[in-house]
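Q: So the sequence shown is numbered by the numbering used here: it starts at 269 and just counts up by one. Note that CB positions come from ideal geometry on N, CA and C, so glycine has one too. Just so you know, these numbers come straight off a predicted model, no measurement behind them.
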Amino acid sequence: MRMIAYLLSAAATAAIVTPALAQQATSAVEAQATPSQGTANASVAGQTSAATDADTTRAASAAADADAGVNASDIVITATRRSERLSNVPIAVSAVGQEALQNSGGSDIRSLNQLAPSLLISSTGNESNASARIRGIGTVGDNPGLESSVAVFIDGVYRSRTGVGLNELGEIDRVEVLRGPQGTLFGRNASAGLINIITRSPEFDWHGNAEATYGNYDQKRVAGGITGPLIADKLAFRVDGVFVKRDGFYKNVTAANGSESRVNDRDRYFVRGQLLFKPTETLSFRLIGDYSHRKESCCGAVYYNQVETTDPTPNAAGVAPFFGTVNADGAVVNNATNRIVDILRRQGAAFPLAGNRPDPFNRDVAITPGQTFRNTTKDYGGSLQADWDLGGATLTSITSYRQYKSGNAGDVDYTNVDLTHRAGDGNAYRQFKTFTQEARLQGSLFNDKLDWLVGGFYSNEKLKLVDNVVFGAQYGQFAACRLVATVSPVAALQNQNNPGCMSAAGRATIGGAFGPAGGLITSALDRLTGGPGLGGGVNNVGDSGSIYRQKSENYAFFTHNILHLTDTLSLTGGLRYTHETKKFNAKFNNNNTVCPIQQAALAPLTLTQSGATGFAQGIVTLTCTGNSSPALNALNLNDSFGDGEFTGTAVLSWKPFTKLLTYASYAKGYKAGGYNLDRSDLGGVNGVLSPRSNADASGLRFNAEKVNNYEIGAKFNTRGFTFNVAAFREEFTDFQLNTFNGSIFVVQNIEACKDNLNGLDRDNGFNPVTGAQTGTCPTNRSKKPGVISQGVELEATMSPIKQVTFTAGYTYADTHFRKNLIGSSTTGEALDRALFLLPGSQLSNAPKNVVTTSFAWTPDIGANGMSGLFYVDSRLSSDYNTGSDLAPEKKQDGFAVVNARVGLRGKDQVWALEFWAQNVFNKNYIQVAFNTPFQGAGSSANVAAYGGTGNALYSAFLAEPRTYGLTLRSRF
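#1: Given a threshold of 16 other Cβ atoms within 10 Å of its Cβ, counted over all protein chains shown, does I422 qualify as buried or as exposed?
#2: Okay, do the stretch 1115-1126 and the stretch 1029-1037 touch, 3+ Cβ pairs below 8 Å being the bar?
#3: Considering just the uninterrupted stretch of the alpha helix (DSSP H) at S791, what are its terminal residues?
#4: Given T881, which residues of its chain have a CB within under 8 Å of its CB, disregarding the five upstream and five downstream residues?
#5: Here's the rule I'm using: 16 or more other beta-carbon atoms within 10 Å means buried, otherwise exposed. How should L900 be labelled?
#6: So F883 and S948 are supposed to be a Cβ contact under 8 Å. How far apart are they, rounded?
#7: Please tell me whether N1006 and V993 are closer than 8 Å, where the distance is taken between their beta carbons.
#8: What does DSSP give as the partner residue(s) for V512 in the beta ladder?
#9: Where does the unbroken alpha helix (DSSP H) through A884 begin, and where does it stop?
#10: Note the first and the last residue of the continuous beta strand (DSSP E) segment covering G461.
#11: Exposed or buried, what is A1155 when buried is set at 16 or more other beta-carbons lying within 10 Å of its beta-carbon?
#12: List in chain order: all unbroken alpha helix (DSSP H) runs of 4+ residues lying wholly within the stretch 902-976.
#13: Give the range of the alpha helix (DSSP H) segment to which S1208 is assigned.
#14: What does W1184 pair with, by DSSP beta-bridge criteria?
#15: Using a Cβ distance threshold of 8 Å, determine whether the stretch 1215-1222 contacts the stretch 570-582, with at least three qualifying pairs required.
#16: Within 10 Å of its beta-carbon, does W474 have 16 or more other beta-carbons around it, so buried, or fewer, so exposed?
#17: Would you tell me roughly how many angstroms separate the C-alpha atoms of A677 and I815, rounded to the nearest one?
#18: Hey, how far is the Cα of A760 from the Cα of A741?
#19: Would you kindly report the start and end of the unbroken alpha helix (DSSP H) that includes S372?
#20: From the DSSP output, read off the bridge partner residues of Q1110.
#21: For the putative contact between N859 and P898, defined by C-beta atoms under 8 Å, what is the C-beta separation to the nearest angstrom?
#22: Tell me whether the stretch 384-398 and the stretch 914-921 touch, counting them as touching only if at least three CB pairs, one residue from each stretch, are closer than 8 Å.
#23: Below 8 Å between beta carbons: does that hold for R461 and V445?
#24: Apart from the five residues just before and just after L1181, which ones in its own chain have a Cβ nearer than 7 Å to its Cβ?
#25: Could you give the DSSP three-state label for K546: helix, strand or coil?
#26: Residues in its own chain within less than 7 Å of F1008 by CB, not counting five upstream and five downstream?
#27: Would you call the stretch 536-550 and the stretch 599-609 touching, i.e. three or more CB-CB distances under 8 Å?
#28: What does the alpha-carbon distance come out to for the pair G721 and P1046?
#29: What distance in whole Å lies between the Cβ atoms of A1102 and D1153, which are believed to be in contact at a cut-off of 8 Å?
#30: Closer than 7 Å by C-beta to C749: which residues in its own chain qualify, once you throw out the five before and the five after it? Chain order, please.
#31: Can you give me the Cβ contacts of S379 inside the same chain, cut-off strictly under 7 Å, excluding the 5 residues immediately before and after it?
#32: Work out the CA separation of S1112 and F472 for me, nearest whole Å.
#33: Which one or two residues does DSSP pair with E1019 in a beta bridge?
#34: Whose C-beta lies closer than 8 Å to the C-beta of E479 among residues of the same chain, with five residues either side of it excluded?
#35: Can you tell me where the alpha helix (DSSP H) with V1241 in it begins and where it stops?
#36: Could you name the residues of the same chain whose beta carbon sits closer than 6 Å to that of N477, not counting the 5 residues immediately before and after it, in chain order?
Given below as structure tokens:
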């Protein structure tokens, strides 16, 4: 039935409007703007390149009004750095105007989810970790060492990571979503797509806007802006500001010792000032400065799945050298309880609940008293854009400098049992300092037969990550109990008040289970918990101000040219050369002194094969998770690399008749490599078992991501109706995948081997002593795209009468991993064992089917200029998995989200009163599910494939519940 709903919705797309053009009450006036932030790069209806956005907008609107045969919603865009109507641009691009975002309730880029079916934006443990995906392709944002596959530009300035776009945006003119690799038009290249946000520019007439909102969760939002001339026709200004405050969506049931009572709240403000200086008709300067401040508790998570699964039938033991196992009959049973849950409950956990059924959507969380998710985020900077019409060409320069600093404190075990946390002492944050310079020169030749553009780009980015993650006060006890429960779940063997979490019977059982090694094992368990004569154990130890630095320097040259072969046939060619240099260094301050003791004491067991090897390695891993050791303090980790790449595009477009554009294109995209800013990857798979050295730094490096994109499309436009269709295929090599496995972040470049691996990329073959895995590939056979995204996009608009607009969009995206996967094209290394479900599967957060729709009606009320507003939009998504490892426990079933708005407006919208609701039907769904840190191992899929027991607990970051309220606004 769900598939029937998707197909019916897709069929309806041809009859209703594109989300790119949703609800254009003022049509081109609202939506027209230029990506080059406020100045048109080419003439539109007689405007020069030094015109402001508002000038160009009014000219475009007037031209549309004058041409009765043109669809008023066919807005003017400049996605190709040339002002053209959307229906004449031969690329896959959506454009959303200010009023469309306003009606949908948008104040940041997340609202685009409702209007652009190929786009999905989600956030995880911190809003700075947000991830954007286009056609199912994106980058998990938790690790700042990875750049986003979907770049974000605001007023022509590249923003370092997607999460920056989750700030308030103030008054915007338009948002463009470009699908597919970008590089020959924008300063920074992107492998999957680009979100381009254009704010309102200063105007030489006085205008202003103000609004006040009150909603549930005690939401208060005030916004305003004013623009006008300082010197007539020479100097204009604009100032915009926003203030937002709201209670959190989660209730903390263990609030004490300074921990907050509500989590995921809002407390932020934003201000932006602008000057537009036009000393002559051919020269203009736009200066922008902005500051954003957030002090919020974010982001809490709830337990989502806590079922323990077991293979009820015995299987053959693994054999040397890789000890792989197979669940021959695939049998899996659910246990009535989960041993990890039982341990946490005995330690005083409010959550998870007893048994195997969580209750995630009651939105209750438990924070360790004294810990917090409160963080301060500051984002500020400025840019100067100059546009100079030289007569035969236009020169554009954009210079910018930005700083972004986001706190990273959090009770990151997501339970009130103190297993691990980052204290709110100011020693956990990420900071970007970014300078960029872009220059473009463009014009036309041969009587406008050739539109040419050449440009250059330079960026210098300094990334600093400071970390203070520690094992909590109850970690040693929990880790020892977990290990004892691995031998046997019988509670009588555990005593959390004893050293090693062993009762007398437990100590005898553990000692006897490992024969001659029993003494080494029990002593190591004792060191975990600590106790009288044993020291403090692995409790309240870890990092304190450890620092990772990554410096990136990038320069590029690009050109983008359109040759008009005839009046209806054009050929576009673009080329870019990018050179990237990155330098990495790290200095650690760690006080986990138990780690090197365990490594040395258990070396006879961990470094030689025996019946105790696996268990001994488990003790060291839990003691030293992520290479948490003071031995790192003496290291000076340094590494660097340089990389150069040619990318480009070619497009052939043809207009068989005036109202129809067809095109075929090819594009090659690129995203730079970098460093995994997580010490856990030092030394590779078995690095945690022994001390590390400076030579391990290069192991944190990952390769650049590359893509070949093929596309065909058509755009039809007639009075009151538009319809766009695109079919695409994208082939990604060295796809950058960031995965949290419950303890550490694993970064690999997903590639396919040209040889048949015969299922070795899906087994659990592993040599515990050498760290070798099955499923490697010879380097001369290791270069084949590992990720494919292919599908169809439909967008349509219908305006049967002036005051009614329907929109719809449908995206089918088969975005999947190939089979025979490996972890790098350059080394041919095996796919990480945690990723065994990837081969042949759909990517995470990549629904195959998405349908968006909207309806807007703005009827006149009486003859005095009053009007009404009736608006509703929806997004229907098919099933998808939210976890990078595709564990079945992380699946999100298909769902629909509906927003609505009803209002009354005065003449010329001098005043407006609107009632609104987001997520009208209060649909419960998750953004991302993840392995709850340290709390068990193995999913039901592991058990089904390999046997044994899976007792991992899973938590989730929930999407927002229903919100509603009242907004009073004015435009004058």
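A: Reading off the structure:
#1: buried
#2: no
#3: G786 to T797
#4: L873, T874, P1036 and V1037
#5: buried
#6: The pair is not a contact, with the Cβ atoms about 21 Å apart (cut-off 8 Å).
#7: no
#8: R489 and R536
#9: T881 to T891
#10: Start and end: G461 to T467.
#11: buried
#12: none
#13: S1208 to Y1214
#14: R1169 and G1233
#15: Touching, per the Cβ criterion.
#16: exposed
#17: Each residue's alpha carbon lies about 15 Å from the other.
#18: Cα to Cα, A760 sits roughly 24 Å from A741.
#19: Here the alpha helix (DSSP H) through S372 covers Q366 to S372.
#20: H1084
#21: 6 Å
#22: no
#23: Reading the sequence as shown, one finds Gly at residue 461 and not Arg. Yes, the pair counts as a contact, with Cβ atoms nearer than the cut-off.
#24: Result list for L1181: G1171, L1172 and L1236, in chain order.
#25: strand
#26: D410, F1198 and N1199
#27: no
#28: For the record, residue 721 in the displayed sequence is Leu; it is not Gly. Distance between the alpha carbons of L721 and P1046: 43 Å.
#29: The pair is a contact, with the Cβ atoms about 5 Å apart (cut-off 8 Å).
#30: I611, Q762, Q764 and C769
#31: L369, S372 and G373
#32: Their Cα atoms are separated by approximately 48 Å.
#33: Paired residue(s): P1053 and I1090.
#34: R489, V490, A491, G492, T1235, L1236, R1237 and S1238
#35: Since the first residue shown for the chain is 269 and the last is 1240, residue 1241 is missing from the structure and cannot be characterised.
#36: Counting only Cβ-Cβ distances below 6 Å, and skipping sequence neighbours, we find G493 and R1239.
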